[in-house]
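Asks: Dropping the structure in here first, questions after.
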Amino acid sequence: MFVYILKRIALMVPTLLGALTITFVVIQFVPGGPVEQVLAEARIGRGGVYKARGDTDAKQIEELKKLYGFDKPAHIRYVEMLGNFARFDLGRSFSHDKPVWQLIKEKLPVSISLGVWTFLLTYLISVPLGIAKAVREGSRFDTATTLAVLTGFAIPGFVLGVFLIVLFAGGTFFELFPLRGLTSDHWAELGWGARIRDYFWHLTLPLTCYVIESFAIVTLLTKNTFIEEMRKQYVLVARAKGLSQQRVLGKHMFRNALIPLVTGLPAAFIGAFFAGSLLIETLFSLDGLGLLSYESIIRRDYPVVLGSLYLFTLIGLVVKLISDVLYVVVDPRVQFGRVAK
Numbered sequence: 009m010f011v012y013i014l015k016r017i018a019l020m021v022p023t024l025l026g027a028l029t030i031t032f033v034v035i036q037f038v039p040g041g042p043v044e045q046v047l048a049e050a051r052i053g054r055g056g057v058y059k060a061r062g063d064t065d066a067k068q069i070e071e072l073k074k075l076y077g078f079d080k081p082a083h084i085r086y087v088e089m090l091g092n093f094a095r096f097d098l099g100r101s102f103s104h105d106k107p108v109w110q111l112i113k114e115k116l117p118v119s120i121s122l123g124v125w126t127f128l129l130t131y132l133i134s135v136p137l138g139i140a141k142a143v144r145e146g147s148r149f150d151t152a153t154t155l156a157v158l159t160g161f162a163i164p165g166f167v168l169g170v171f172l173i174v175l176f177a178g179g180t181f182f183e184l185f186p187l188r189g190l191t192s193d194h195w196a197e198l199g200w201g202a203r204i205r206d207y208f209w210h211l212t213l214p215l216t217c218y219v220i221e222s223f224a225i226v227t228l229l230t231k232n233t234f235i236e237e238m239r240k241q242y243v244l245v246a247r248a249k250g251l252s253q254q255r256v257l258g259k260h261m262f263r264n265a266l267i268p269l270v271t272g273l274p275a276a277f278i279g280a281f282f283a284g285s286l287l288i289e290t291l292f293s294l295d296g297l298g299l300l301s302y303e304s305i306i307r308r309d310y311p312v313v314l315g316s317l318y319l320f321t322l323i324g325l326v327v328k329l330i331s332d333v334l335y336v337v338v339d340p341r342v343q344f345g346r347v348a349k
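Heads up, the sequence shown is in our numbering, so the first residue is 9 and it goes up one at a time.
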């Protein structure tokens, strides 16, 4: 397995290079770069009436190109970018005038809050629910819960967010929950108990929007996996020996049935962090990674675009490798590089 891990790590390099190269090439042909945007904003700031003379514009353009590094040929900028990324230097944001690392760290509290709780609630509720549905397949309970989770899955998160705001956040009916941020303005002045209550008070509505969409996938995956295991020969033999349903589930089925879920945990955990929804973050005024990614594309903030792409792609590749290794941990029959006997 050690050789397999080394091969996978070696394959990460061309994958990263491919993602970065394609994005870098596309950027070269996208109109309205950071230089043009700065000039446009400067003219708008003068009421849209002032027009600089051609020579002044040319001088400004040259200065801005030098400031942003666009005075160098594309291939030189590409090589410099790869060298910086090899040292984990993600560059400096054009629009925020901050290191990209610092920007990502500033947005992480929102992503961590939503990601951790979305992950925990999804698995703590969906896995037991999926097992209960598998045991009671075809019952009214199974039908009703399937209808409920599929209805939640069908409703887009931002639509649910608008509904919750109108109903519970002072839109029209009740004003039970706050509408902005993850904490109140006076949060630092509160005691620890009050801080925890305030934090979850702010988190309730956006977290509901994130979690509802995730229930259906994990619940139905758990149900179908357990149903498949229930129909296997070793389970039928265990039941024929007179073992109880709980003993069959706990001793014989549980580990095998949870293999797809356990191996998917790293990807689900990281995905909950970095798959932020722009619309939900905007609805609830949450300044997270989703909003940062959108703004960096709109503003042509290329260091943030490329730096975020590099970091998230690298994390995704590492998580995929961990998921594959977990197959061996939870199922010894899986062995890389040779056929298990």
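All residues carry an ideal CB built from backbone N, CA and C; glycine is no exception.
1. With respect to the alpha helix (DSSP H) encompassing H210, which residues constitute its N-terminal and C-terminal limits?
2. If you compare alpha carbons, which of T29, E71, W109 is closest to R85?
3. How would you write the range of the alpha helix (DSSP H) that W125 sits in, first residue to last?
4. So A27 and T321 are supposed to be a Cβ contact under 8 angstroms. How far apart are they, rounded?
5. Flag this pair as yes or no: are the beta carbons of S101 and V108 separated by less than 7 angstroms?
6. I'd like the span of the alpha helix (DSSP H) that includes A196, first residue to last.
7. Inspect the CB distances between the stretch 302-317 and the stretch 89-106 and report whether three or more fall short of 8 angstroms.
8. If you drop the 5 nearest sequence neighbours on each side, which residues of the same chain put their C-beta closer than 8 angstroms to that of L184?
9. Apart from the five residues just before and just after L229, which ones in its own chain have a Cβ nearer than 8 angstroms to its Cβ?
10. What span of residues does the alpha helix (DSSP H) with K15 cover, start to end?
11. Output the distance between the C-alpha atoms of I235 and V245, rounded to the nearest integer angstrom.
12. Work out the CA separation of R205 and P186 for me, nearest whole Å.
13. If we ignore side chains and look at the alpha-carbon of each, how far apart do V135 and I35 end up?
14. Using a Cβ-Cβ cutoff of less than 6 angstroms, which residues in the same chain neighbour R54 once the five nearest sequence positions on both sides are dropped?
15. Check whether the stretch 256-264 touches the stretch 158-168, taking contact to mean three or more Cβ pairs, one atom from each stretch, closer than 8 angstroms.
16. In this structure, how does DSSP classify R100 when only helix, strand and coil are distinguished?
17. Using beta-carbon positions only, say whether V43 and K73 come within less than 7 angstroms of one another.
Replies: Checking against the coordinates, here is how it stands:
1. Looking at the DSSP string, the run of the alpha helix (DSSP H) that includes H210 is 200-238.
2. Of the candidates T29, E71, W109, T29 places its Cα closest to the Cα of R85.
3. For W125, the enclosing alpha helix (DSSP H) begins and ends at 108-143.
4. Indeed they touch by this definition, with Cβ atoms about 5 angstroms apart.
5. It is a contact, given that the beta carbons lie within the stated cut-off.
6. Premise fails: A196 is in no alpha helix (DSSP H) and is neither H nor E.
7. Enough Cβ pairs lie closer than 8 angstroms, so yes.
8. Sequence-distant partners of L184 (beyond 5 residues in either direction) whose C-beta falls short of 8 angstroms from its own C-beta, in its chain, are F176, A177.
9. Contacts found: G138, P268, L269.
10. Annotation for K15: the continuous alpha helix (DSSP H) segment containing it runs 10-37.
11. Spanning the two alpha carbons is a distance of roughly 16 angstroms.
12. Taken atom to atom, the span from the alpha-carbon of P186 to that of R205 is near 12 angstroms.
13. C-alpha of V135 to C-alpha of I35: approximately 43 angstroms in a straight line.
14. The predicted position of R54 is uncertain, since its pLDDT is 48 and thus under 50; a value taken from the coordinates is nonetheless stated next. Contacts found: none.
15. Between the stretch 256-264 and the stretch 158-168, the count of Cβ pairs shorter than 8 angstroms is below three; the stretches do not touch.
16. Note: R100 maps to strand in three-state DSSP.
17. Yes, they are a contact pair.
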